[in-house]
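All you need for our numbering is the position in the sequence shown, starting with 1, plus 60.
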Amino acid sequence: MTTVTTVRPTTVKTVKEPTAYQRKKMVEALSRPDYRLAGDTNSRSLDVMRAERWIAAFTASGRPAAPAVAAGYQGRTHFRLTKRGRMALLTDAKRNALESVDAFGALGESVPWPTLTALVNDGFVQQLNDHGRPDVNGKAYITNLGRRLMGLPEVDDTPAADILIAALAKWGIAAQVEDSEEGDQVVYRSGDIEAVIYRPFETASERWEHSATHPAWRHWSGWCLTAYVGGAEFQMWGPDDGDVYTDSAATAEALADWLTGSDAA
Numbered sequence: 061m062t063t064v065t066t067v068r069p070t071t072v073k074t075v076k077e078p079t080a081y082q083r084k085k086m087v088e089a090l091s092r093p094d095y096r097l098a099g100d101t102n103s104r105s106l107d108v109m110r111a112e113r114w115i116a117a118f119t120a121s122g123r124p125a126a127p128a129v130a131a132g133y134q135g136r137t138h139f140r141l142t143k144r145g146r147m148a149l150l151t152d153a154k155r156n157a158l159e160s161v162d163a164f165g166a167l168g169e170s171v172p173w174p175t176l177t178a179l180v181n182d183g184f185v186q187q188l189n190d191h192g193r194p195d196v197n198g199k200a201y202i203t204n205l206g207r208r209l210m211g212l213p214e215v216d217d218t219p220a221a222d223i224l225i226a227a228l229a230k231w232g233i234a235a236q237v238e239d240s241e242e243g244d245q246v247v248y249r250s251g252d253i254e255a256v257i258y259r260p261f262e263t264a265s266e267r268w269e270h271s272a273t274h275p276a277w278r279h280w281s282g283w284c285l286t287a288y289v290g291g292a293e294f295q296m297w298g299p300d301d302g303d304v305y306t307d308s309a310a311t312a313e314a315l316a317d318w319l320t321g322s323d324a325a
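Shown next, in the form of structure tokens:
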């Protein structure tokens, strides 16, 4: 289910920019669950990062090291990226762009092209088309790495089709993704039986298309299941609550029930 969370503007300012090496190490730390800096970071860069307060020391159990050491702690310590360190990875223009994201993670339309391009190259932003696929002309969305940078909760990037196919497999139904003129969809075939499942959506040009491989977080409307055998047809619409896992489980069960019913038998 999509979590609606917006970015709060930050007042954190930094004195200098990281070097290419320092930036690489800091981005690597950003991608780790605890923002931990790699142990092989050179001492000169560590000195700079500590002086700029881009990193802070922690004990092995994750407690701030300074008070622990003052209290007699003598165990191992490590460094983690701070909020100040995260903001050091951004120029003012980049920070303003990321702070413009809406509840669904889309960047504001007024972000300058050079800034957008730089954020994409950084891995903090991705451009997706209406089907949720990477597209250089697509709408800009903050990535999970960008979300970690800005302190936002991460979203589920799992392709919705993978979730649906796994749900179908639990009922012994083998399906696959196929492309059509309307887009991509999950299809099951057996003899004269065919079932097609997709998320319908309307494009800006008022054309209805199909989507199945969109990321789980973009499952903004329920699956549409249409199954055929001979002259019989079965159709079901899933809930529009954004929960692709529940939707997929219900859709798979509905198809399984139909396949074992009198119409498909």
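Glycine included, C-beta positions come from ideal geometry on N, C-alpha and C.
Note that the structure is a prediction, hence the values are computed from the model and not measured.
Under the three-state DSSP convention, the category residue i falls into
i, result
"residue 188", "strand"
"residue 230", "coil"
"residue 310", "helix"
"residue 68", "Low per-residue confidence applies at residue 68: pLDDT is 49, beneath 50, and the placement is therefore not dependable, though the value from the model is reported in the following sentence. In the structure shown, residue 68 sits in coil (DSSP, three-state: anything other than H, G, I, E or B)."
"residue 297", "strand"
"residue 63", "Because the pLDDT at residue 63 is just 46, under 50, the model does not fix this residue reliably, and the point stays unresolved."
"residue 76", "coil"
"residue 93", "coil"
"residue 124", "strand"
"residue 174", "helix"
"residue 98", "coil"
"residue 276", "helix"
"residue 292", "strand"
"residue 242", "coil"
Residue nearest to residue i in terms of C-alpha spacing, selected from the options
i, options, result
"residue 3", "206, 230, 219, 252", "Because the chain spans 61 through 325 in this model, residue 3 falls outside it and cannot be assessed."
"residue 229", "202, 158, 316", "316"
"residue 143", "131, 294, 89", "89"
"residue 294", "255, 272, 213, 101", "255"
"residue 290", "99, 136, 145, 251", "251"
"residue 310", "80, 149, 231, 276", "231"
"residue 193", "77, 273, 85", "273"
"residue 78", "100, 107, 96, 94", "107"
"residue 114", "85, 136, 135, 133", "85"
"residue 156", "179, 123, 299", "179"
"residue 269", "190, 205, 195, 204", "190"
Cβ-based burial, residue i [other Cβ within 10 Å; buried from 16]
i, result
"residue 171", "buried"
"residue 201", "buried"
"residue 271", "buried"
"residue 30", "The shown model of the chain, from 61 to 325, leaves out residue 30, and the question about it has no answer."
"residue 221", "buried"
"residue 92", "exposed"
"residue 73", "With a pLDDT of 47 at residue 73, under the threshold of 50, the modelled position of that residue is not reliable, and no figure is offered here."
"residue 244", "buried"
"residue 134", "exposed"
"residue 154", "buried"
"residue 278", "buried"
"residue 197", "exposed"
"residue 264", "exposed"
Residues sharing a beta bridge with residue i, DSSP
i, result
"residue 256", "247, 286"
"residue 115", "141"
"residue 236", "247"
"residue 223", "Note: residue 223 sits in no beta bridge, so no partner."
"residue 81", "According to DSSP, which records beta bridges pairwise, residue 81 is partnered with nothing at all."
"residue 265", "Bridge partners of residue 265: none, in fact."
"residue 38", "The chain is shown from 61 up to 325; residue 38 falls before or after that span and cannot be answered."
"residue 201", "166, 186"
"residue 213", "DSSP, once it has assigned bridges, lists no residue as partnering residue 213."
"residue 316", "Bridge partners of residue 316: none, in fact."
Chain D within 8 Å of residue i, Cβ atoms only
i, result
"residue 215", "No chain D is part of this structure, which consists of one protein chain only."
The ligand COA heavy atom lying under 7 Å from the CB of residue i
i, result
"residue 292", "The ligand COA is not among the ligands present in this structure, which contains no ligands whatsoever."
Three or more beta-carbon pairs under 8 Å between the region 173-186 and the region 104-124, yes or no? Counting Cβ pairs under 8 Å, fewer than three are found: no touch.
For the region 127-141 against the region 165-180, are there 3 or more C-beta pairs whose distance is under 8 Å? Too few Cβ pairs lie closer than 8 Å, so no.
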